[in-house]
Amino acid sequence: MKKIILYSQPECPPCDIVKLFFKEHGVSYQEKNIKSDPVAYQELTGKFQSYSTPTVIINDTVIAGFDLEKLSELLDIPAARQ
């Protein structure tokens, strides 16, 4: 099973889309709010060298920003047709 962490913050529409995507596909994840959790902010900016939300960590792979195509690929979910 893949370990998935979503770094998010309030007032982040792309974060909400990622959460909806995870819900629709039954993806279990841990959410860390960088505004209310200073430790999460330090992890995001220090350990993962990311300054944007959403940032998703899948095992050791960092996806900074909004990239549903990459999420689909790493989670083996068929990409949505356009």
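Residue numbers (the UniProt record's numbering): 1 to 82.
No residue lacks a Cβ here, since even glycine has one placed at the ideal position from N, Cα and C.
Buried versus exposed call for T61 [16 or more other C-beta atoms within 10 Å across all chains shown]: In the assembly as shown, T61 is an exposed residue. Its beta-carbon has fewer than 16 other beta-carbons within 10 Å.
C-alpha gap between L20 and K47, whole angstroms: 26 Å
6 Å Cβ shell around F66 - same chain, five flanking residues per side excluded: P14
Residue ranges of each alpha helix (DSSP H) within the UniProt domain "Glutaredoxin" (4-63), 4 or longer: 13-24 and 38-42
Helix, strand or coil at K70 [DSSP, three-state]: helix
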